[in-house]
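Enquirer: Protein chains in written order, with this note's numbering: chain A, 1 to 211; chain B, 1 to 143. Right, I'll just put the structure down here and ask away after.
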Amino acid sequence: MPQQVVKVTRPTKIELIRLRRRLALAARIQKIVKDRVSILILEFLQIARQTVDAKRRLLDEFAEGYRTLSITAGYHGYIALEKELAASERDLGIAAGLRNVGGVRIPAFELKEAEPGVVSYSLADTSSWLDRTAELSQTCLETIVELAELQRSLELLGREINRTKRILNALEYLIIPALTATIKYLYMKFEERDREERARLKRVKVLLERK
Amino acid sequence: MSGELPYERLLQESLKHELKVVNAHLPVEQKPLSDLLREEYPHVVCKDGTTHLFRRKELEYLAGLLDAEEQGALRLPLLIEVGAGSGEMAVLCPGEAAAKVIACVLDMTVEPKQGRVTIYRPQLAVIRRQLRTTTQYIFPPRV
Numbered sequence: 001m002p003q004q005v006v007k008v009t010r011p012t013k014i015e016l017i018r019l020r021r022r023l024a025l026a027a028r029i030q031k032i033v034k035d036r037v038s039i040l041i042l043e044f045l046q047i048a049r050q051t052v053d054a055k056r057r058l059l060d061e062f063a064e065g066y067r068t069l070s071i072t073a074g075y076h077g078y079i080a081l082e083k084e085l086a087a088s089e090r091d092l093g094i095a096a097g098l099r100n101v102g103g104v105r106i107p108a109f110e111l112k113e114a115e116p117g118v119v120s121y122s123l124a125d126t127s128s129w130l131d132r133t134a135e136l137s138q139t140c141l142e143t144i145v146e147l148a149e150l151q152r153s154l155e156l157l158g159r160e161i162n163r164t165k166r167i168l169n170a171l172e173y174l175i176i177p178a179l180t181a182t183i184k185y186l187y188m189k190f191e192e193r194d195r196e197e198r199a200r201l202k203r204v205k206v207l208l209e210r211k
Numbered sequence: 001m002s003g004e005l006p007y008e009r010l011l012q013e014s015l016k017h018e019l020k021v022v023n024a025h026l027p028v029e030q031k032p033l034s035d036l037l038r039e040e041y042p043h044v045v046c047k048d049g050t051t052h053l054f055r056r057k058e059l060e061y062l063a064g065l066l067d068a069e070e071q072g073a074l075r076l077p078l079l080i081e082v083g084a085g086s087g088e089m090a091v092l093c094p095g096e097a098a099a100k101v102i103a104c105v106l107d108m109t110v111e112p113k114q115g116r117v118t119i120y121r122p123q124l125a126v127i128r129r130q131l132r133t134t135t136q137y138i139f140p141p142r143v
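Here it is, written out as structure tokens:
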């Protein structure tokens, strides 16, 4: 790829100093951005693994939950089960906030725990299958909330990695090579100017000697 | 400079934003674990004004590793300094409690040097897996 040269108004030493400063700054930023990308990728992979794990867990819990629910329904009968569960509805509380991972704000959800040990159906009239079903549905809820957090995090991290990579590529393949090429071009200009100056002096010397 | 590459201004704006963003998530003030355990929604306020929420389970895990005095001394979130360009990182451990936590999480003895415990990438993954919300990255501007 041909290297682009930043157009300079005047090839002067001041311009060269300015460009060298810019190059140093660009190199510093490149290192920081590179580190950030690698950290974001590490986090992304970790969250991806956790997402897969949570999904698998959720599927297992759902399968187990439906199995116990159908056994419970068979044991008690639909009408009796509905009667027991009618009063067991309760509001769910989720604490939502933000978490920051390497400059990316990701959501944080936490299911507020209901009062432990409190069940809203009659323990005397129901079997342990219903307890097991309730327990499994609670676990499913927790996993759903966890999965929601993980999936959104994955999406946000992916977007940020994409954005940061573009910046890194721009630095690596555009800005830094262009600055380096311009600095090289300025050095060549200065050398050429020196050579011209030397030739001019020689000519003046010859002219003076002739006189 | 008058002559600029196409889109250079745009890129420079992005870079400025990048430098602002890179450490904006650092907490204004770290809080002791004992205080966080008492809060209903344990959190710290970040430099950019946002809040960083801690997971209660993690705080309880940390509380299980430390005694009451150490819980007061451990200030959260723990900061992980990302070394520029190298694979090395360091957990900033200003006190004994932080070093003890890192030792327990990594299941190895650690010796802080000048208040830092040097770690490597695989160890970072272990720490982040266990302490996802109670650790934060710090990108030092010096290179």
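Glycine is no exception: its CB is placed at the ideal position from the N, C-alpha and C atoms. From a predicted model like this one, the values you see are computed outputs, not experimental measurements.
Roughly how many whole angstroms lie between the Cα atoms of B:Glu29 and A:Ala96?
Expert: For B:Glu29 and A:Ala96, the distance between alpha carbons rounds to 22 Å.
Enquirer: Give a yes or no on whether the C-beta atoms belonging to A:Leu154 and A:Ile47 are separated by under 8 Å.
Expert: Yes, these two residues count as a Cβ contact at 8 Å.
Enquirer: Using the rule of at least 16 other Cβ atoms within 10 Å of the residue's Cβ for burial, across every protein chain shown, is B:Val126 buried or exposed?
Expert: Answer is exposed; the Cβ neighbour count stays below 16.
Enquirer: Going by the CB atoms, is the gap between B:Val105 and B:Leu124 shorter than 8 Å?
Expert: Contact flag unset, no.
Enquirer: Grouping DSSP H, G and I as helix and E and B as strand, with all else coil, what is A:Val204?
Expert: DSSP places A:Val204 in helix when its eight states are reduced to three.
Enquirer: Indicate the three-state DSSP secondary structure (helix, strand or coil) for B:Met157 in the structure shown.
Expert: Because chain B spans 1 through 143 in this model, residue 157 of chain B falls outside it and cannot be assessed.
Enquirer: Roughly how many angstroms separate the alpha carbons of A:Val104 and A:Ile161, rounded to a whole number?
Expert: Near 10 Å, if we compare the C-alpha coordinates of A:Ile161 and A:Val104.
Enquirer: Nearest to B:Met89 by CA position, among B:Ile138, B:Lys100 and B:Asn23, is which residue?
Expert: Among B:Ile138, B:Lys100 and B:Asn23, the Cα nearest to that of B:Met89 is on B:Ile138.
Enquirer: Do you know how far the Cα of B:Pro32 is from the Cα of B:Leu53?
Expert: Cα to Cα, the separation comes out at about 14 Å.
Enquirer: Threshold first: 3 residues or longer. Then list the beta strand (DSSP E) segments lying entirely within the region 65 to 119 of chain B, N to C.
Expert: Within the region 65 to 119 of chain B, the complete beta strand (DSSP E) runs of at least 3 residues are 78 to 82, 89 to 92 and 116 to 119.
Enquirer: Write down the C-beta distance between A:Leu81 and A:Thr164 rounded to the nearest angstrom, noting that I regard them as a contact closer than 8 Å.
Expert: At roughly 53 Å, the Cβ-Cβ gap does not stay under 8 Å, so A:Leu81 and A:Thr164 are not in contact.
Enquirer: Would you list the residues sitting across from A:Glu110 in a DSSP beta bridge?
Expert: DSSP, once it has assigned bridges, lists A:Ala95 as partnering A:Glu110.
Enquirer: What runs of the alpha helix (DSSP H), each 4 residues or longer, lie entirely inside the region 114 to 198 of chain A?
Expert: Counting only runs of 4 or more, we get 128 to 170.
Enquirer: Please determine if the region 57 to 74 of chain B and the region 125 to 132 of chain A are in contact, where contact requires at least 3 C-beta pairs separated by less than 8 Å.
Expert: As far as the Cβ criterion goes, the region 57 to 74 of chain B does not touch the region 125 to 132 of chain A, which means the pair count is below three.
Enquirer: Considering just the uninterrupted stretch of the beta strand (DSSP E) at B:Val28, what are its terminal residues?
Expert: Segment: none, B:Val28 is in no beta strand (DSSP E) and carries neither H nor E.
Enquirer: According to DSSP, is A:Arg36 helix, strand or coil?
Expert: Note: A:Arg36 maps to helix in three-state DSSP.
Enquirer: Is B:Ala68 near B:Gly95, with beta carbons less than 8 Å apart?
Expert: In this structure, B:Gly95 does not lie closer than 8 Å to B:Ala68 by Cβ.
Enquirer: Strictly under 8 Å for the Cβ-Cβ distance: is B:Gln136 near chain A by that measure?
Expert: For B:Gln136, the answer is yes, since a Cβ of chain A falls inside 8 Å of its Cβ.
Enquirer: Can you list, in chain order, the residues of its chain with a C-beta nearer than 7 Å to that of A:Ile71? Leave out the 5 residues immediately preceding and following it.
Expert: The answer, listed in chain order, is Trp129.
Enquirer: DSSP has B:Gln136 in a bridge; who is on the other side?
Expert: Partner(s): B:Leu79.
Enquirer: Taking DSSP as the reference, what is the three-state secondary structure of A:Arg105?
Expert: The answer is strand: DSSP assigns A:Arg105 an E or B state.
Enquirer: For chain A, find out if any of its Cβ atoms is closer than 8 Å to the Cβ of B:Glu96; answer yes or no.
Expert: For B:Glu96, the answer is no, since every Cβ of chain A falls outside 8 Å of its Cβ.
Enquirer: Please classify A:Ile17 as buried or exposed, where buried requires at least 16 neighbouring CB atoms within 10 angstroms.
Expert: By the 10 Å Cβ count, A:Ile17 comes out exposed.
Enquirer: Just to confirm the assignment, what range does the alpha helix (DSSP H) spanning B:Leu124 have?
Expert: Its alpha helix (DSSP H) spans residues Arg121 to Gln130.
Enquirer: Does any residue of chain B bring its CB to less than 8 Å from the CB of A:Gln46?
Expert: Yes, A:Gln46 lies at the interface with chain B (some Cβ there is under 8 Å from its Cβ).
Enquirer: Per DSSP, what kind of secondary structure is A:Thr72 in: helix, strand or coil?
Expert: Reduced to three states, the DSSP call for A:Thr72 is helix.
Enquirer: Classify A:Ala199: buried if its beta carbon has 16 or more other beta carbons within 10 angstroms, exposed otherwise.
Expert: By the neighbour-count rule (16 or more Cβ atoms within 10 Å), A:Ala199 is not buried but exposed.
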